[in-house]
Every structure is written in C-alpha cells, then in structure tokens.
Amino acid sequence: MNGQLTAKKLAVRTASGLVVLIVVMAVCSLVGAEKVSLKAVVDSIGLREAVSPDYEIFVRVRMPRIFLAAIVGAALASSGVVCQALLRNPLADPYILGISSGAGLGAIIAVLSGLNWTFVGRSPIAVFAFAGALGTIWLVWFLGRLTGKFHVTGLLLAGVVVNTFFSALIMFLTLVAKSQQVYATIFWLMGNMIEEDFLVLWLGAGCVVAGILALFYIAPQLNALSFGENDARSMGVNTARTHIIAFGVAAFITAIAVSLSGLVGFVGLVVPHAVRLIFGPDHRQLLPMSGIIGAIFLVVADTFGRIVVAPAQLPVGVVTAIVGGPFFLVLLIKYGRKVSWLK
Amino acid sequence: MSAIIEVENLSFGYTPQSTVLRDISFVVMPGTFLAIAGPNGAGKSTLLNLLCGLLSPRSGTIRIDAAPVESYSTEALAKKVAVVWQEFIPVFGFSVIDTVMMARTPYYGPMGFESEADREIVAEALEATDTAGFALRPLGSLSAGERQRVFIARALAQNTPILLLDEPTNFLDLKHQVGIYDLLKTAQLQTGKTIVAVTHDINLAAQYCDEALLLGADSDYQCGPAGDVFSTEQITRVFGVKVFTGKVGKEKFFIPLGKFAKDNGQIGASPNS
C-alpha cells in the first residue's frame, strides 16, 4: 500500500539526510567571525609546514566544534524520541527524568571539590556530570520500580521528585560556594561547543552512533509500546527488556552529550516532534531521521551563535530556543491539522 | 479433538489477602466462541489477563494448545493468542495501516521490516473488517466503531488460532455493537478461530456465542452452552436483578427490571411470556 514505510524508502531517506548533514557541516565550517577560504584550506592539505591560517581555523577550531554539535544534536534528538515513546508524553525530553539536575549536581560537586585531573581528555566537571546523569537515571528508575512493575506515572513522578531535590541541592551548594567557582559551573551548564580533542570526539561519536543503532534495532517494539504496555505484550514485545534497553541507551547517549557540551535544551523536545510531523510516527524512520535532523539543527544553531554577535558568541542553548521555537511553530501550523495528537 | 484452552483449578488474587478467582476449571474447544460474563468485580478481565499471560495464577494451571501459558516466550505466545483490549488511543498519530501492520511484529525479520506475505495478510485483515477504505487515515480521526474494527483487524492480522477481547462493544451504539459481533462470528466461522470475549452484553453474547462462562461473587461460576448458562434464574442470582426473559424464535433476550420500571409488577409476574 502506498505511504507504507519500506526498508528501501528508509535507506534512501537516511542516505539523503546524511548527504545533507555533510554538506551543512562543510558549509558551516567555512562560515564564522573569521572568513575562511575553501581554496586556502584545500591547498594546505598534506603540507607539514607553512599551512595557511585558514586551514588552522578550519581544522583546529571549526571542524571539532561542528563535529561536536552534530554528535550532541544527534544524541539529544534520538534520546528525546525514546523518552516521548516510552513515557507516551509529547512533553517528554531527554532531561525529563532528572538527567539535567543530576549532571548539574555532578558538575558543581566537581567544581567545589577543586579536582584537577583529566580522564580520557575530559575535565572533572565533564566526568562528574556524566556520572551524575547516569546515577540519576538509575535512581529514578529504582524509585519508579518501587511502585511495582514498570509504570509511566510512577517513573515521571520519581523524575519530578529527584529533579526538585537535586535542584535544591544545586541551589544550596551555589549559595555556599565562592562566586568564581559558581560562575564556571553555570557557564558550563549553559551549553557550549568547545572541544579540541579529536579522540574525545571520535569516542563520543562512536558511542552515540552505536546507541542510535541499538535504538533502531528495537524501533518496532517502540512502535508497539506507543499503544500501551498490554497491547505491546500481546503483540509479542518483551516490554521489560525493551524498557531497559531503551531507557539505558537513551540515558547513556544523553549523559555523553551532557558531558561533552553541558545542557543544551530544546533539541530533544522539538526535533522529534518536527520529524514526526514531516515523516510520521514510525520509530523505524523517526529514530534515524531525528538523529540526522538533530545534528543538522544543532550545527546550524551553533553557527548562528558564532556569527550573530561576532566576535562575541551566544550560548548554543539560547540559539536553539530562539531559532527552534519559531521554526517549530511554522511546522505546527503547516502540518498540525494532519496529526491526531493535536486534535 | 483436544481443547485449545484448558483452565484447571485456577485461583488468583491481587494481594495475598484477597481472592478474585477461586478454583475455576473449564475447557474451550478449537473454533468455539466463548463469552465471559458476570457482574463488576467478578474477575472477568482478570481472567482474560491470566489467559494471555499478563498475570500469573496463584495456583492452578492454564494450558494454551496443551502447553502451560508460562512456558511460552512473549513472542511465541503472540503467535498463539491475539488480544483486543479496551480502547487505547496512542498519543502520536499512527495511521490505520501502521496500526494493523504492527500485528506482524512477532513475525518481523532481523531488520524489523514486514515481508510481502505480511502485507498480504494485513490487506486481508483490512478487507475482512471493512477498514481498507480509510487505511491511511490517522487512528485518532476515526469514530469509536471504526477504531474498534481497526483493533480487530490488527488482532486478525496477528494470525493466531485464539482471539481474546475485553468488552469489544464498550461505548458503541446498537448498530456498531451488532457490526462487531457479526465481524467476530464471521471470523470464527470462516477461519475457525477460537474467540473468547469478556462482555457485559448478555443479549448479544446469548445470540452469538456457543459457550458462556458466567462468573459470580464468592467463586460461584457456571460454564457450558450459552443457552443453558444464560437463564432467567442464573442471571437473577448472579447479577441480583429481576429480569424479563423473552424469546424470538430460538433467541432468548433479557431485560433487567429496576424498581422504577413501568409495569414492573405486571411484566415480572410473567417473566417467560
């Protein structure tokens, strides 16, 4: 039947999306406060000495940053898809179960501890934020399970409680900390795209791509789970296993994104909705397309942040909200009448 | 021929202190249409949950196709038993064909996509339930009756020998209630499916079902041919209401009579007239 998703259709759309992503990344690498000539970059390829400043900016500053934005955008958008599917809630995003406050608490503890080491090229703030994010999702899961078997409402309430409690702890620690230390944490939490270590970037990219592939593998089960637990089980879905894989992987790639870039809001909420409006709710398509479009969105948003008030820069979280909000509204008005969850 | 569903000395309670079902035994032969009826809280939906493995018995056994229900993996059980639950509309707008295609989830290959055979089975289910005409519409845009037909199409597309339904005519008007039972009866007669439906509608159950299980309070139950189980005495005793029993040809029908029913005394005085 026409309109049905097939493996071939998905392969063509995913490949086209990846081509667009690569083109967007290449174009954004050439744009910024400093003009970079593509010719100068190409001419410097292979040279050991006397490389042009354009090449230095392109390779050492722009490419890592754009690569990072793509990884974070893909991770947050895919994770948002999973959170909305499992919680059956259009307002869900990757931070809804307390990951943001857990990461924030980890970051502020790292700053207050005055630690001064690196782990796989990461500062204590990033490492503690990663551990805080994963620890929080485990805690929320554990508290949610105390209500009995897996229950969406129990999990959401546990997330709200943990979020509130950790936010209070963050405020308390902020009050007792010295202002300079607090500033470093707040700046980090606002979301930034600064990373020069390609090893870290490759590791991050590897984990995020593997995570999205794992989520794609359980996409048919996520489709069935959209109809509720009983329906999914009667359609042969091992719901307990699907929940553990989906939440575990989504939390893991979100924690990686947070440890790489701080807290970037809006992407995980809006990109899944935008992709759903255009391509429909089938998770087999929604997951890869959200990953790709999330990456494109954050690369473009970060580029705006670099050029709008150049030579100063806007935090990417501010740009995602300013650019993403109106863009999402346009989509909503154009396609909204076609979708049942808005009726 | 051996039974496709065997329930033996089944007991269940949600807490150790409470018992919803006590020592229930019955068998369902292949190709039978069984109605499960009874007052609220008698354990009808609980029994359905036990039959499809969502709940585990406190004691006793349930065998599906001669094997204990707990011996099946979730996927293997989904190839034996399909369930139509009380309506649940997903938050996100899946189309009718997306919804029905999901029935093929237990049969998907490693890449998670349906085969040509899956598509043919889904097309047949859409035709059988008269839902092909709006296959591309979002589920949320349909009327309650159309949606229920879609969920039955999904259960048919799961291609299982057993079909369980939890109050399939809830919220439907008379025309759609009859339409759903016609559809189920056709599926039973044409494909030999075993159908078990939890229902509050004794009249439709008496009309369409071969067998009935009437669950009462305090572990009281009756199982047998629908014509025998649905009698004036049983219904009055189990539901605690006076009923007027009428007959049109071979079909019995029951009208519950409340204390404000017009001419209550007169009608109640000659219940089988």
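Sequence lines, in order, name chains A and B.
FYI, the working numbering numbers position 115 of the first sequence as 115, with every residue one higher than the one before it.
So the working numbering is basically just the index in the second sequence, starting at one, shifted up by 343.
Where a beta carbon is used, it is the ideal one built from N, C-alpha and C, also for glycine.
Status (buried if at least 16 other CB within 10 Å, exposed otherwise) for residue i
| i | result |
| --- | --- |
| phenylalanine 130 of chain A | buried |
| valine 319 of chain A | buried |
| threonine 534 of chain B | exposed |
| valine 591 of chain B | exposed |
| valine 249 of chain A | buried |
| tyrosine 524 of chain B | buried |
| valine 183 of chain A | One point to set straight first is that residue 183 of chain A is tyrosine, not valine, in the sequence displayed. Counting Cβ neighbours within 10 Å, tyrosine 183 of chain A comes out exposed, since fewer than 16 surround it. |
| asparagine 163 of chain A | buried |
| leucine 600 of chain B | buried |
| alanine 612 of chain B | Here the model assigns alanine 612 of chain B a pLDDT of 43, short of 50, so the residue's position is not dependable, and the following value carries that caveat. Burial call: exposed. |
| alanine 75 of chain A | buried |
| phenylalanine 142 of chain A | exposed |
| arginine 447 of chain B | buried |
| aspartate 231 of chain A | buried |
| asparagine 392 of chain B | buried |
| aspartate 461 of chain B | buried |
| leucine 10 of chain A | buried |
| glutamine 520 of chain B | buried |
| glutamate 510 of chain B | buried |
| asparagine 383 of chain B | exposed |
| tryptophan 428 of chain B | buried |
Local conformation of residue i per DSSP, three classes
| i | result |
| --- | --- |
| glutamine 565 of chain B | strand |
| asparagine 89 of chain A | coil |
| glycine 483 of chain B | helix |
| leucine 30 of chain A | helix |
| isoleucine 538 of chain B | strand |
| alanine 251 of chain A | helix |
| glutamate 49 of chain A | coil |
| valine 591 of chain B | strand |
| isoleucine 432 of chain B | coil |
| valine 36 of chain A | coil |
| phenylalanine 376 of chain B | strand |
| alanine 15 of chain A | helix |
| leucine 146 of chain A | coil |
| lysine 605 of chain B | coil |
| serine 438 of chain B | strand |
Residue range of the unbroken alpha helix (DSSP H) whose run includes residue i
| i | result |
| --- | --- |
| lysine 595 of chain B | Note, lysine 595 of chain B: premise wrong, no alpha helix (DSSP H); beta strand (DSSP E) at 594 to 600. |
| glycine 291 of chain A | 283 to 307 |
| leucine 169 of chain A | 152 to 176 |
| valine 270 of chain A | 267 to 279 |
| valine 581 of chain B | 575 to 582 |
| alanine 446 of chain B | From DSSP, alanine 446 of chain B is part of no alpha helix (DSSP H); its letter is neither H nor E. |
| asparagine 546 of chain B | 545 to 551 |
| leucine 5 of chain A | Counting along the chain, leucine 5 of chain A falls outside any alpha helix (DSSP H), and DSSP gives it neither H nor E. |
| alanine 310 of chain A | Careful: alanine 310 of chain A lies outside any alpha helix (DSSP H) and carries neither H nor E. |
| threonine 417 of chain B | 417 to 421 |
Start-to-end residues for the beta strand (DSSP E) that takes in residue i
| i | result |
| --- | --- |
| asparagine 352 of chain B | 348 to 355 |
| valine 426 of chain B | 424 to 427 |
| aspartate 366 of chain B | 364 to 371 |
| alanine 555 of chain B | 554 to 558 |
Do three or more CB pairs link the region 551 to 559 of chain B to the region 567 to 578 of chain B at distances below 8 Å?
yes
Return the chain-ordered ranges of every beta strand (DSSP E) run that is complete within the region 385 to 412 of chain B and spans a minimum of 3 residues.
402 to 407
If you scan the region 69 to 142 of chain A from start to end, which runs of the beta strand (DSSP E) of 3 or more residues do you find wholly inside it?
none
Flag this pair as touching only if the region 225 to 245 of chain A and the region 75 to 94 of chain A have three or more C-beta atom pairs under 8 Å; answer yes or no.
yes
For the region 399 to 415 of chain B against the region 431 to 448 of chain B, do three or more pairs of beta-carbon atoms, one drawn from each stretch, fall closer than 8 Å, so that the two count as touching?
no
Check whether the region 300 to 319 of chain A touches the region 242 to 257 of chain A, counting contact only when three or more Cβ pairs, one atom from each stretch, lie closer than 8 Å.
no
Can you give, in chain order, each stretch of the alpha helix (DSSP H) that sits fully within the region 454 to 525 of chain B and has at least 4 residues?
459 to 471, 487 to 500
At 4 residues or longer, what runs of the alpha helix (DSSP H) sit wholly inside the region 206 to 267 of chain A?
219 to 225, 229 to 234, 239 to 261
For the pair the region 468 to 485 of chain B and the region 495 to 503 of chain B, tell me if three or more CB-CB distances fall below 8 Å.
yes
Three Cβ pairs or more, each shorter than 8 Å: is that satisfied between the region 10 to 30 of chain A and the region 290 to 306 of chain A?
yes
Quick one: any contact between the region 344 to 352 of chain B and the region 318 to 333 of chain A, if contact means 3 or more CB pairs under 8 Å?
no
Please determine if the region 413 to 433 of chain B and the region 360 to 371 of chain B are in contact, where contact requires at least 3 C-beta pairs separated by less than 8 Å.
no
Can we say the region 91 to 98 of chain A touches the region 267 to 280 of chain A, given the rule of at least three CB pairs closer than 8 Å?
yes
Quick check: the region 50 to 66 of chain A against the region 272 to 287 of chain A, are at least 3 beta-carbon pairs closer than 8 Å?
no
Do the region 293 to 313 of chain A and the region 354 to 361 of chain B make contact, defined as three or more Cβ pairs closer than 8 Å?
no
Give, in chain order, every residue of the region 285 to 315 of chain A whose Cβ lies closer than 7 Å to some Cβ of chain D.
Among the chains of the structure shown, chain D does not appear; the protein chains present are A and B.
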